[in-house]
Every structure is written in C-alpha cells, then in structure tokens.
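Asker:
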Amino acid sequence: MKPKMYPNYYDVALIPPEDFQDEVIALSRMLYKYGARWKLGKRAYVPHVTLFHVPVRKTDMDEFLHTVSDIASECAEQTLRCTAPILGIADLKSWVSLPLYKNRWLTALHSTVLRRTVRYFDYNHLKIKERVRKTWSLPLRTQQEERQQMIQTYGSPMVGRFWNPHVTLGIFLDVDQAQRAYSHLPKRRSSFRANRIAVYELGENHTCQRKIAEFPFGG
Numbered sequence: 001m002k003p004k005m006y007p008n009y010y011d012v013a014l015i016p017p018e019d020f021q022d023e024v025i026a027l028s029r030m031l032y033k034y035g036a037r038w039k040l041g042k043r044a045y046v047p048h049v050t051l052f053h054v055p056v057r058k059t060d061m062d063e064f065l066h067t068v069s070d071i072a073s074e075c076a077e078q079t080l081r082c083t084a085p086i087l088g089i090a091d092l093k094s095w096v097s098l099p100l101y102k103n104r105w106l107t108a109l110h111s112t113v114l115r116r117t118v119r120y121f122d123y124n125h126l127k128i129k130e131r132v133r134k135t136w137s138l139p140l141r142t143q144q145e146e147r148q149q150m151i152q153t154y155g156s157p158m159v160g161r162f163w164n165p166h167v168t169l170g171i172f173l174d175v176d177q178a179q180r181a182y183s184h185l186p187k188r189r190s191s192f193r194a195n196r197i198a199v200y201e202l203g204e205n206h207t208c209q210r211k212i213a214e215f216p217f218g219g
C-alpha cells in the first residue's frame, strides 16, 4: 500500500551513510515482523534525522534548496552517537526510535537550519493548519507558553530546546505489539559519520518518501 503523501511539505534531514542505513533497516524489519505499520528502506521510508519540517511554496523551492545547499557546504563531517533503541508510548500510538546524543555541533546545525529556512515556511499549508488545530490543540503539560510560541513560528513545539534528534525505526497502533517487538530488539549503541543533508517530501508519520535533493558537506 502506498503511503499517504504530504505535497509541498519537506524534511530537511541528515541522511546517514549506507552502512548505518543497513543497520537500522535491519532493526526496522524486525519490528515490521511484529506489527509495525511500515519498515525503513533505501528508496522510501528512508532512515533520517530530522532537522526541520518545513512546508514550502513551489515558487520558493529553488531559493529554499539553494539555502540548504549553502548550509551543507559550510559543514564539516561529524561523528554522531546514538543510544540504544527506546520505546515511546503516547495516546494510541507507540514507536521505537534510536535517539542521538545532542552535542553542540548537532544543536548548532539544527539552529542554523531553523534560522535560515524559516523564511520559506508556508503558514497557509493545509497540513500545518491541521497540525496546529488537531495535534497541538490539547493543553501541554510543561512550558506551555514557550511551546505555543514554537508552534506559531515553526508549526511544531518540537524545535529548539524541545528538539530530540532521533531515527524512527517503527510505528505501532497496538501497544502490546510494540512492547513485544521491542523486547526482541537488540539494545546496543551505535554511531555514524554525518556527511550530507537532504530534502525529502514527507509522507505518513513524517517519513521521508521522495528525495528532492541531496547536498554533501563541504560541497
């Protein structure tokens, strides 16, 4: 079944090297056997670390991509370290992810992407209006005013100091399935060498589905 796509809604993301992709795709396939909604792959559901979700008008795409290219060209390769996989549960959805340690380099890159690409953010995009109205309409437990300001500026509260870099391995609609799948997953730490930023069109669960462009560091 083809994933639901979000036209003109993009992920500016770190795309790990092939060897690390192979590692996390293998983990994702294990979860899929136990009921995950999808599995990671090389052409769709691509393993990634989100830097910023940004809807962009067609008329702004060339300039937006040029800006992302400039950001990548200013970066040097960096080794990023991951914790062991974790299981998250919220409302009716569960997920397994591979969190990254949030070092200074990664935090600075996230801040740079926000600062230099938010000018292209299409606040009239239907997906953003839907997220603000539905996903974030419930009272937030902590730092409510600050998170609401993040929503108004960036379309999500999960940016800045609330941003938690990670690679999502699988999504579950059944908590019992998620817990069973997670219990079979190897709990080892890993790392990869960050060397490129890509722009992908987003699909369901904010997965990277269609590559728009890819920019090597220092290129």
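If you count the sequence shown from 1, position 154 lands on 154 in the working numbering, and the numbers rise without skipping. All C-beta atoms, glycine included, are put in the ideal place defined by N, C-alpha and C.
(1) Would you identify the three-state DSSP class for N205, choosing helix, strand or coil?
(2) Would you please state the rounded distance, in angstroms, between the beta carbons of R37 and I171? I believe it to be under 8 Å.
(3) Give me the Cβ distance between V96 and L185, rounded to the nearest whole Å; I'm assuming they're in contact under 8 Å.
(4) Is it the case that the Cβ atoms of A13 and T50 are separated by a distance below 7 Å?
(5) Between the Cα of G218 and the Cα atoms of E74, F64, N124 and V54, which residue gives the shortest distance?
(6) Can you name the start and end residues of the beta strand (DSSP E) that Y120 belongs to?
(7) Based on Cα-Cα distance, which residue from Y123, V175, Y10 and L169 lies nearest to M150?
(8) Pull the bridge partners of Y10 from the DSSP assignment, please.
(9) Go ahead and pull the three-state DSSP assignment for T168.
(10) Once you ignore the five residues that flank Q179 on each side, which residues in its own chain have a CB closer than 8 Å to its CB?
(11) What three-state label does DSSP hand V159 in the structure shown?
(12) Just to confirm the assignment, what range does the beta strand (DSSP E) spanning F192 have?
(13) Hey, out of H110, Y182 and E201, whose CA is closest to M158's CA?
(14) Go to I151, then tell me how far its alpha helix (DSSP H) extends in each direction, as first and last residue.
(15) DSSP state of W105, grouped into three classes?
(16) Taking the Cβ atom as the reference point for each residue, do R196 and P165 lie within a distance shorter than 7 Å?
(17) Got a sec? Which residues, its chain only, sit under 6 Å from P85 by beta carbon, not counting five neighbours each side?
(18) Name the DSSP bridge partner or partners of L80?
(19) Using the three-state DSSP reduction, which class does K33 fall into: helix, strand or coil?
Answerer: This is what the structure holds:
(1) Translated into the one-based positions of the sequence shown, residue 205 becomes position 205. Correct three-state label for N205: helix.
(2) Taking the first residue of the sequence shown as position 1, residue 37 is located at position 37. Taking the first residue of the sequence shown as position 1, residue 171 is located at position 171. That belief holds up - the Cβ atoms of R37 and I171 are roughly 5 Å apart, short of 8 Å.
(3) Counting from one through the sequence shown, the residue named residue 96 turns up at place 96. Counting from one through the sequence shown, the residue named residue 185 turns up at place 185. That pair is a contact at about 7 Å.
(4) Translated into the one-based positions of the sequence shown, residue 13 becomes position 13. Translated into the one-based positions of the sequence shown, residue 50 becomes position 50. Contact check for A13 against T50 passes: the beta carbons are separated by less than 7 Å.
(5) Working through the sequence shown from its first residue, we reach residue 218 at position 218. Taking only the C-alpha atoms, the option nearest G218 is E74.
(6) For the purposes of this step, residue 120 is identified with residue 120 of the sequence shown, where counting begins at 1. Run containing Y120: none; DSSP gives neither H nor E here.
(7) On the sequence shown, position 150 is the one that residue 150 refers to. Among Y123, V175, Y10 and L169, the Cα nearest to that of M150 is on Y123.
(8) Within the sequence shown, residue 10 is the residue found at index 10, counting from 1. Looking at the DSSP output, Y10 shares a beta bridge with V54 and E201.
(9) Within the sequence shown, residue 168 is the residue found at index 168, counting from 1. In this structure, T168 counts as strand in the three-state DSSP scheme.
(10) Residue numbering aside, residue 179 sits at position 179 when the sequence shown is read from its first letter. Cβ neighbours of Q179 within its own chain (closer than 8 Å, five residues either side excluded): L87 and S94.
(11) For the purposes of this step, residue 159 is taken as the residue at position 159 of the sequence shown. Coil at V159, not helix or strand.
(12) Along the sequence shown, read from residue 1 onward, the residue named residue 192 stands at position 192. Element bounds for F192: S190 to A194.
(13) Numbered from its first residue, the sequence shown carries residue 158 at position 158. Ranking the options by Cα distance to M158, first place goes to H110.
(14) Counting from 1 along the sequence shown, the entry for residue 151 is found at position 151. Annotation for I151: the continuous alpha helix (DSSP H) segment containing it runs Q144 to Y154.
(15) Looking up residue 105 in the sequence shown gives position 105. Helix.
(16) By one-based count along the sequence shown, residue 196 stands at place 196. By one-based count along the sequence shown, residue 165 stands at place 165. Result no, Cβ atoms of R196 and P165 do not sit closer than 7 Å.
(17) As a first step, residue 85 must be located in the sequence shown, where it is residue number 85. V96, L98 and L185, listed in sequence order.
(18) Working through the sequence shown from its first residue, we reach residue 80 at position 80. Within the DSSP secondary-structure output, L80 pairs in a beta bridge with F192.
(19) Your numbering for residue 33 matches position 33 in the sequence shown. Assignment of K33 by DSSP, reduced to helix, strand and coil, places it in the helix class.
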